[in-house]
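The structure appears right after this line, and notes come after that.
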Amino acid sequence: MVVKTVRGTSDILPSDVSTWQALELVSRNLLEAYDYREIRTPIFEQAGLFQKSVGECTDIVSKEMYIFSDKKGRELALRPEGTASIVRSFIEHNMHTQTLPVKLYYMGPFFRYERPQAGRTRQFHQIGAEAIGIEDVTLDAEIIDISMQIPSKMGIKNLKVMLNSIGCKECRSKYVKRLLGHLKNRIKKLCADCNRRYSTNPLRILDCKKSECIQNVKDGPTITENLCAKCRNKLETTEKHISSLGINYQIQPYLVRGLDYYTGVIFEIIHSQLGAQNVVAAGGRYDNLIEQMGGKPTPAVGFAAGIERMIMLLGDRSFQSNNSVYLAYLDFPMHEKVFELLSALRKNGIHTKTTYQEKTLKNQLKTAAKSNCRFSLILGTNELSKGTVILRDMKTSTQEEIKLDNAVAIIKKNIPLVSPEAKPSPFKVGIKADHFVDVNKMIKPGS
Ligand code: ATP
Ligand code: MG
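The opening position of the sequence shown corresponds to residue 0 in numbering that gives the first Met the number 0, with each subsequent residue numbered one higher.
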């Protein structure tokens, strides 16, 4: 039998990878502009890390986690989310001694044993960020701003922030009592999950998608109306900040999150085109988690965005290159001079294609056109003897004969290698020139 991918996982093929790379590049540049630095934590951790932080009663931990024992019988888990690992790392590396807030971002794969469907897979990818160490609503607004900007910069429109606060320990516990009071005589009408949640995680009842639960919650008290003065003020100030940034938002009094560690302001970014899985990104404040995990009391706020869901929203948009060069030649096997030119182009960071088997010139130029090459360089026996090469503009189908020695310089002048968006770095020059330019076009539509 032919071996196939595991249910809920998929290959990201080269035809799609350019979109992923564009999204990653836009996100990196944006996050670094906001002064976040990348952190890479392990893909698997002690299972207890997620049980303690995300919470034993949450769906993520109780139903969706990939847990396994290693050869020494240690209980490990594939990471289902990013915040827990970052908090572990923050404590393990004494990051509280650094200038606060410590601002970290990550991107990579996460794993949840869920029913695979559109926008929901068992291996999925997130881009996320955490600002740790300062309790200031500006950071809540900054995190919401970034999670809107990443999809927006990619050209995704019609995003909306759903905003709420689940309060601090004090006002939340008062509210939960009121909610339980309201639901007491209706408990039989709630779904089986919410019956369980009634005693384990009552706030989650607010978030249940079943109509019988929505009905019974609707006429009850909302947490938004029951916030203490301090929590209300923080929510209102966050609203003020994001309004000043022109962010489209709405207070959603029934919004709660599926992870236990949240406190205070929480949010989701939704897009109607995604159907049932309409949440593109989500996050909020988790001021008690670091202390709860054994660190010093440290406030924090963060978000995570689903890469697959953003890719779905990008649809058929192509981020493929049209900045490559095709080196066509007629002297088979490849003449030493052709090989030298090929190598010189590539060493200069120019994305160069060629053939490695005997093909007619017509055939080679057809390949060049099909793969969207910007220029072709044609080297025949005649040109080789004269020390020249033909430069063909694939857009205009015009061509001219140039000196072989000038070829690299001329191509370099005519193909933009590095986008102004890309951070100047000796390592980036020319590499992946293909998508840099298109990313730019996409950031400033019409330019
Ligand atoms: P949902 O309500 O859709 O299950 P969630 O609340 O479980 O989302 P979070 O843990 O907040 O999700 O993760 C942040 C983002 O990661 C989600 O908004 C979504 O875009 C993405 N995401 C989460 N789980 C999956 C999955 N199984 N497949 C694809 N993307 C996912
Ligand atoms: Mg989920």
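Ideal Cβ positions, reconstructed from N, Cα and C, are used throughout, including at glycine.
Item: Own chain partners of E169 with C-beta closer than 8 Å, once the 5 adjacent residues on each side are dropped; Value: C227
Item: Contained beta strand (DSSP E) runs [length at least 3] in the region 300–331, N- to C-terminal order; Value: 324–328
Item: Counted within 10 angstroms of its Cβ, other Cβ atoms place H270 as buried (16 or more) or exposed; Value: buried
Item: Reference F374, options E382, L364, R391 and K229, closest by Cα; Value: R391
Item: Inter-stretch contact at 8 Å, needing at least 3 Cβ pairs: the region 336–347 / the region 359–370; Value: no
Item: Per-residue DSSP class, three states only, for S68; Value: strand
Item: Near the ligand MG: G257 beta-carbon under 7 Å from a heavy atom; Value: yes
Item: Span of the alpha helix (DSSP H) around N163; Value: From DSSP, N163 is part of no alpha helix (DSSP H) but of the beta strand (DSSP E) over K159 to S164.
Item: Whole-angstrom C-beta distance between V279 and A304, which should lie under 8 Å; Value: 6 Å
Item: For H350, three-class secondary structure by DSSP; Value: coil
Item: Through-space distance from S198 to V175, alpha-carbon basis; Value: 11 Å
Item: T96 versus E31 - alpha carbon distance; Value: 21 Å
Item: Cβ neighbours of K229 in the same chain (closer than 8 Å, five flanking residues each side left out); Value: C167
Item: Close beta carbons around E113, own chain, < 7 Å, minus the five adjacent residues each side; Value: E63, R119 and R121
Item: C-alpha gap between K422 and F331, whole angstroms; Value: Note that K422 scores 36 on pLDDT, short of 50, meaning its location in the model is unreliable and no value can be drawn from it.
Item: Interface flag, M309 vs chain C, CB-CB below 8 Å; Value: Reference to chain C is not applicable here, since this structure consists of a single protein chain.
Item: Close beta carbons around D69, own chain, < 7 Å, minus the five adjacent residues each side; Value: L75
Item: Assigned exposure category for A191 - 16 Cβ within 10 Å defines buried; Value: exposed
Item: Y104, enclosing beta strand (DSSP E) - first and last residue; Value: V101 to F110
Item: Under 8 Å between C-beta atoms of R78 and E37; Value: no
Item: C-alpha distance - V255 paired with V5, whole-angstrom precision; Value: 32 Å
Item: The ligand ATP heavy atom lying under 7 Å from the CB of Q125; Value: yes
Item: Cα-Cα separation between T237 and V1, rounded to whole angstroms; Value: 54 Å
Item: Cutoff 6 Å; reference N247; Cβ partners in own chain excluding five residues on either side; Value: K159
Item: Heavy atom of the ligand ATP within 7 Å of V279 beta-carbon; Value: yes
Item: Enclosing alpha helix (DSSP H) for R195 [first to last residue]; Value: A191 to T199
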